[in-house]
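Each remark here refers to the structure printed beneath this line.
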DNA sequence: GTCAATATTATCGTATACAAGAATTAGATT
DNA sequence: AATCTAATTCTTGTATACGATAATATTGAC
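Chains as they are written, first to last, in the numbering used here: chain Y, 27 to 245; chain L, 27 to 245.
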């Protein structure tokens with residue numbers, strides 16, 4: 027069903043939700059959106075349905091659709107699952123990854139190292155993303171890869187935030203080295219636990235960010 | 027967006043896909059479906075979109091939607107992920123489950139035992155489902171619970187098949203005992219590995235079934 | 001002045017009509 | 001007879017119109 031146009035519209039709205047231009051609870055009016063994108067309500071409704079399927083939006087019958095920003099608890103839950111999925115990818119990839127895959131990981135890691143040296147967070151983030159996606163791609167399980175990518179996309183804006191914490195870039199890079207080593211040696215358990223830690227710590231760091239902003243808000 | 031009616035229609039079609047009444051590649055004609063469910067094409071298209079989101083159906087632009095039965099490889103992949111998710115649930119539940127939760131698990135296990143004694147596969151399957159769902163419910167991660175439930179639903183018909191293999195009922199029950207023990211003692215690693223095994227073996231058994239039917243088909 | 005009830009308005013849910021593109025069939029030509 | 005082309009038909013994609021429901025505003029009574 028997903029028509030091309032609806033996908034474009036959904037992506038546009040998704041961007042605005044992920045970048046917080048649309049706040050939690052904001053109502054998405056079909057007429058306004060139709061006018062704004064210069065289409066009828068039909069493709070708008072399709073787009074909204076897509077957003078609902080990926081959980082970014084909530085539908086109340088006969089009321090309308092409302093953007094649903096995940097609360098801190100749900101975010102932590104999602105990071106917990108993300109860690110589990112990446113760990114799963116790592117475990118499988120450890121016994122299935124090719125030499126070319128290892129090389130690709132090392133290449134991205136080199137870029138990361140460079141980024142740390144120049145304190146270039148953007149560059150780090152991009153290479154980091156390719157690093158993780160490479161692991162997914164070599165887990166030998168297409169279904170797992172897609173599921174993991176989907177959750178990655180959803181957490182992407184939040185993963186990014188915590189990278190700005192002081193020292194996190196270097197720490198993240200160190201963890202990458204350990205992950206590559208485990209993968210190249212085919213150490214399934216080590217790869218799994220290293221990735222679990224690597225991603226889980228992001229959830230925790232993120233948690234710290236939340237606590238900090240809560241304190242600031244209270245002051 | 028998901029209107030009530032579209033959900034009902036989607037469920038009906040989903041049932042037919044899962045029970046193989048609709049075969050892989052079958053085209054779903056909007057007009058026919060509209061006529062059959064006595065609604066207009068609009069809610070039909072909504073329902074098809076829902077099915078697409080859950081991966082049961084594929085959409086080719088300007089061509090139509092086609093049912094997409096997972097092939098053997100994808101099924102194995104899905105079982106692999108299922109095992110990982112259940113394992114994750116088990117690991118978390120081991121440190122988070124309540125006494126009431128343990129009691130519930132034991133209760134379902136008692137029913138399972140009874141079902142094995144009377145060789146009642148239906149009864150076993152129902153109690154087995156509640157057993158697993160109880161674990162999901164006590165992992166303390168609502169997001170994980172929902173994701174796991176979603177995949178469970180999709181694999182349900184295939185999980186069922188392999189239970190009919192000789193001796194599998196008893197074996198499954200034995201594994202349940204081990205799982206409950208690990209959970210009640212708070213042994214996170216043991217609970218995780220026990221569940222990983224318990225579910226992964228289903229994928230393997232299912233694989234055996236596939237091989238058997240392939241041999242039969244070749245004869 | 002406040003509360004309640006009713007009327008009005010706005011928005012969603014569904015049906016239908018129309019447009020555009022793909023598939024199929026029929027006809028013509030080689 | 002086979003193949004290529006053109007035309008028709010069938011199906012999807014989109015717009016719009018209509019009906020139903022819920023939110024809101026207004027009016028009247030206490």
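Glycine included, C-beta positions come from ideal geometry on N, C-alpha and C.
Considering residue i, what are the terminal residues of the alpha helix (DSSP H) in which it resides?
| i | result |
| --- | --- |
| residue 90(Y) | Careful: residue 90(Y) lies outside any alpha helix (DSSP H), inside the beta strand (DSSP E) at 90-93. |
| residue 167(Y) | No alpha helix (DSSP H) contains residue 167(Y), which DSSP labels as neither H nor E. |
| residue 80(Y) | No alpha helix (DSSP H) contains residue 80(Y), which DSSP labels as neither H nor E. |
| residue 193(Y) | Careful: residue 193(Y) lies outside any alpha helix (DSSP H) and carries neither H nor E. |
| residue 44(L) | 30-44 |
Residue range of the beta strand (DSSP E) that residue i falls in?
| i | result |
| --- | --- |
| residue 83(Y) | 83-86 |
When the Cα of residue i is compared with those of the options, which residue comes out closest?
| i | options | result |
| --- | --- | --- |
| residue 152(L) | 143(L), 218(L), 212(L), 134(L) | 134(L) |
| residue 199(Y) | 147(Y), 162(Y), 175(Y) | 147(Y) |
| residue 44(Y) | 206(Y), 231(Y), 178(Y), 113(Y) | 178(Y) |
| residue 84(Y) | 162(Y), 224(Y), 55(Y), 138(Y) | 55(Y) |
| residue 59(Y) | 186(Y), 46(Y), 38(Y) | 38(Y) |
| residue 196(L) | 87(L), 82(L), 142(L) | 142(L) |
| residue 201(L) | 154(L), 149(L), 76(L), 182(L) | 154(L) |
| residue 193(L) | 209(L), 145(L), 181(L) | 145(L) |
| residue 111(Y) | 88(Y), 162(Y), 150(Y), 208(Y) | 162(Y) |
| residue 70(L) | 175(L), 172(L), 46(L), 28(L) | 28(L) |
| residue 88(L) | 129(Y), 30(Y), 64(Y) | 30(Y) |
| residue 65(L) | 137(L), 93(L), 35(L) | 35(L) |
Determine, using beta carbons only, whether residue i and residue j come nearer to each other than 7 Å.
| i | j | result |
| --- | --- | --- |
| residue 120(Y) | residue 212(Y) | yes |
| residue 170(L) | residue 107(Y) | yes |
| residue 61(Y) | residue 32(Y) | no |
| residue 100(Y) | residue 50(Y) | no |
| residue 113(L) | residue 218(L) | yes |
| residue 67(Y) | residue 90(Y) | no |
| residue 232(Y) | residue 157(Y) | no |
| residue 189(Y) | residue 116(Y) | no |
| residue 122(Y) | residue 81(Y) | no |
| residue 159(L) | residue 127(L) | no |
| residue 248(L) | residue 79(L) | Given that chain L is displayed from residue 27 to residue 245, the structure contains no residue 248(L) and the question cannot be resolved. |
| residue 229(L) | residue 74(L) | no |
| residue 131(L) | residue 206(L) | yes |
| residue 236(L) | residue 98(L) | yes |
| residue 181(L) | residue 104(L) | yes |
Looking only at DSSP bridge pairs, what is residue i linked to?
| i | result |
| --- | --- |
| residue 175(Y) | Its beta-bridge partners do not exist; DSSP assigns none. |
| residue 53(Y) | 92(Y) |
Check your understanding: Which whole runs of the alpha helix (DSSP H) in the stretch 106-161 of chain Y are 4 residues long or more, in chain order?
Key -> Segments of the alpha helix (DSSP H) lying fully in the stretch 106-161 of chain Y: 125-143.
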